[in-house]
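**Student:** Numbering-wise, this note's numbering puts 486 at position 304 of the sequence shown, and it's gapless, one number per residue.
Where a beta carbon is used, it is the ideal one built from N, C-alpha and C, also for glycine.
The model shown is predicted, which means the values in this text are computed figures rather than measured ones.
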Amino acid sequence: MKKILVIGEIKDQELRNVSFEVITAARKAANGGEVVSVLLGNECEEMAGQLFDHGADRVVIVDHPDLNRYTTDAYKQALLQVIEKEEPNGIMMGHTSIGKDLAPRVATKLDSGLISDVIAIEEEDEELVYTTPIYSGKAFEKRTFEDDFIFITIRPNNFELPEVDNSRSGEVIKYDAEIKDIRTIIKNVAKKASEGVDLSEAKVVVAGGRGLKDADGFNSLYELADLLGAAVGASRGACDADFCDYSLQIGQTGKVVTPDLYIAVGISGAIQHLAGMSNSKVIIAINKDPEADIFGVADYGIVGDLFEIIPILIEELKELNL
Ligand code: FAD
């Protein structure tokens, strides 16, 4: 039986879904032991209830003004102090911008191993085996820890959300943390206008490529995405051509997404693009070239002119009135 600490990630004063997915992952590794959610933030106590609803056994909170926004120094210090007090057998967090920055630094301080970007945990020969994609998602590697201590980051959208049980509750423990010597300070956050659903956590993604011809063509995707409750993404080709903002880019040098449904519109399927989306559960590709590489990873393919197909899809979806 293990005690696993899982990090609750807060964005805009709300818990991100990955905070709950990590509880599912931890349950597998805890082997009947304790799953403790850790909240590092400022005025975040009221979020504890949601963590219990999603299966946390206990919630540990460090509430400190310096944890209001993520900084490497403040979060690292606070988490290390929690680890010292809790003495867990493992730590898990999302493979998000924060997780990618924080986990290796904490692992180094603990002198522990780290397996990042885990998409599955299985038991083989009474040993937990962690699967991570390698070579831009073209192959998978299975790894284990040599000693008993586990430290992993999990890819968002790969572990089921735990079943919600509003009747659950548990102990909330507040720790003080001594935070000093913060070497980088956030002066200001300039937010881009919201584009609706958060791309990295979206269940449905409609992504456009250079086939959309221009920014106007790209705009038709927003209507389709609205009807599907989807987030809009893009290939680098579309971003480079200025059809949309780089924050939408999916791929090796963009975001990695694993939605339930990915619709690729006018995207050729370059290896660098596939690196960001090929683990999506269902992929639909729309392309006029039947030889396009995107069809190699697609579950369903529509060969044809997207400027004819998208309006038909929009009309049909409007009729369905989902
Ligand atoms: P294209 O390759 O030009 O494909 C356009 C597609 O649209 C074609 O298949 C065409 O048949 C189709 N089409 C055209 N008109 C229509 C129509 N009317 N109806 C239907 N289909 C139509 N790319 C990424 O996406 N993400 C990354 O993170 C990324 N990182 C990179 C990193 C490096 C180091 C390098 C070298 C490249 C990277 N790239 C990345 C670029 C990548 O190699 C491709 O150039 C890019 O993905 C191509 O974008 P695209 O598919 O939109 O454009």
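Restricting to runs no shorter than 3 residues, where is the beta strand (DSSP E) found entirely within the segment 240-322?
**Tutor:** Whole beta strand (DSSP E) segments, 3+ residues: 240-245, 272-276, 297-300, 302-306, 309-316.
**Student:** If distances are taken between C-alpha atoms only, which option among Arg392, Pro315, Val242, Lys185 comes closest to Ile449?
**Tutor:** The residue you call residue 449 lines up with position 267 of the sequence shown. For the residues Arg392, Pro315, Val242, Lys185, the minimum Cα distance to Ile449 belongs to Arg392.
**Student:** Using a Cβ-Cβ cutoff of less than 6 angstroms, which residues in the same chain neighbour Ala230 once the five nearest sequence positions on both sides are dropped?
**Tutor:** The residue given as residue 230 occupies position 48 in the sequence shown. Only Val241, Val354 meet the Cβ criterion.
**Student:** Could you tell me which whole alpha helix (DSSP H) segments of length 4 or greater appear in the segment 312-372?
**Tutor:** You should have found no qualifying run.
**Student:** Taking Glu342 as the reference, give the member of Ala407, Leu488, Ile205 with the closest Cα.
**Tutor:** By one-based count along the sequence shown, residue 342 stands at place 160. Taking only the C-alpha atoms, the option nearest Glu342 is Ile205.
**Student:** DSSP puts Lys193 in a beta bridge; with which residues?
**Tutor:** Counting from 1 along the sequence shown, the entry for residue 193 is found at position 11. Answer is Glu196, bridged to Lys193.
**Student:** Just checking Leu488 against the ligand FAD - is the residue's beta carbon closer than 6 angstroms to any of the ligand's heavy atoms?
**Tutor:** In the sequence shown, counting from the first residue as 1, residue 488 sits at position 306. Correct: Leu488 has its Cβ closer than 6 angstroms to the ligand FAD.
**Student:** Can you give, in chain order, each stretch of the alpha helix (DSSP H) that sits fully within the segment 391-475 and has at least 4 residues?
**Tutor:** DSSP runs (the alpha helix (DSSP H)) wholly in the segment 391-475: 397-410, 418-422, 453-459.
**Student:** Within 6 angstroms: the Cβ of Ala474 and any heavy atom of the ligand FAD?
**Tutor:** The residue labelled residue 474 in the question sits at position 292 within the sequence shown. Correct: Ala474 has its Cβ closer than 6 angstroms to the ligand FAD.
**Student:** Pull the bridge partners of Glu216 from the DSSP assignment, please.
**Tutor:** By 1-based counting over the sequence shown, the position of residue 216 is 34. Bridge partners of Glu216: Lys185.
**Student:** For the segment 256-267 and the segment 307-324, state whether three or more C-beta atom pairs, one from each stretch, are separated by less than 8 angstroms.
**Tutor:** No, because fewer than three Cβ pairs between the segment 256-267 and the segment 307-324 fall closer than 8 angstroms, the two stretches do not touch.
**Student:** Is Ile484 near the ligand FAD - that is, is its Cβ less than 6 angstroms away from at least one heavy atom of it?
**Tutor:** Here residue 484 refers to the residue found at position 302 when the sequence shown is read from its first residue. Checking every heavy atom of the ligand FAD against the Cβ of Ile484, none is found closer than 6 angstroms.
**Student:** What I want to know is whether the C-beta of Ser450 ends up closer than 6 angstroms to one or more non-hydrogen atoms of the ligand FAD.
**Tutor:** Looking up residue 450 in the sequence shown gives position 268. Within the cutoff, so yes.
**Student:** Give the straight-line distance between the Cα atoms of Asp475 and Val485, rounded to the nearest whole angstrom.
**Tutor:** Here residue 475 refers to the residue found at position 293 when the sequence shown is read from its first residue. Here residue 485 refers to the residue found at position 303 when the sequence shown is read from its first residue. Cα-Cα distance, rounded: 12 angstroms.
**Student:** Assign Gly237 to one of three DSSP states: helix, strand, or coil.
**Tutor:** Sequence index remark: in the sequence shown, residue 237 carries index 55 (1-based). Reduced to three states, the DSSP call for Gly237 is coil.
**Student:** If you pair each beta-carbon of the segment 450-467 with each one of the segment 395-403, do three or more pairs fall below 8 angstroms?
**Tutor:** These segments do not touch.
**Student:** Is the closest heavy atom of the ligand FAD to the C-beta of His455 under 6 angstroms?
**Tutor:** Numbered from its first residue, the sequence shown carries residue 455 at position 273. Checking the Cβ of His455 against the ligand FAD gives yes.
**Student:** What are the boundary residues of the alpha helix (DSSP H) that includes Lys510?
**Tutor:** Here the chain has residues from 183 to 504 only, and residue 510 is not among them.
**Student:** Tell me which residues share the same chain as Asp398 and place their Cβ nearer than 6 angstroms to its Cβ, disregarding the 5 neighbours each side in the sequence.
**Tutor:** For the purposes of this step, residue 398 is identified with residue 216 of the sequence shown, where counting begins at 1. Excluding sequence neighbours, Asp398 sits near nothing in its chain.
**Student:** Could you tell me which residues DSSP puts in a beta bridge with Leu221?
**Tutor:** Translated into positions along the sequence shown, residue 221 becomes position 39. BP columns for Leu221 point to Gly190, Ile243.
**Student:** To which residues of the same chain is Ala423 closer than 7 angstroms at the C-beta, ignoring the five residues directly before and after it?
**Tutor:** To locate residue 423, count along the sequence shown from 1; it is residue 241. Excluding residues within five positions, the ones whose Cβ falls inside 7 angstroms are Arg392.
**Student:** Helix, strand or coil: which one does DSSP assign to Val485?
**Tutor:** Stepping through the sequence shown from its first residue, residue 485 is reached at position 303. Val485 falls in the strand class under three-state DSSP.
**Student:** Report buried or exposed for Pro507, applying the criterion of at least 16 other Cβ atoms within 10 angstroms of its Cβ.
**Tutor:** Residue 507 is absent from the model: the chain starts at 183 and stops at 504.
**Student:** When the Cα atoms are used, what is the spatial distance from Asp330 to Asp481?
**Tutor:** The residue you call residue 330 lines up with position 148 of the sequence shown. The residue you call residue 481 lines up with position 299 of the sequence shown. About 39 angstroms.
**Student:** Any heavy atom of the ligand FAD closer than 6 angstroms to the beta-carbon of Asp481?
**Tutor:** Counted from its first residue, the sequence shown places residue 481 at position 299. Asp481: no, Cβ never under 6 angstroms from the ligand FAD.
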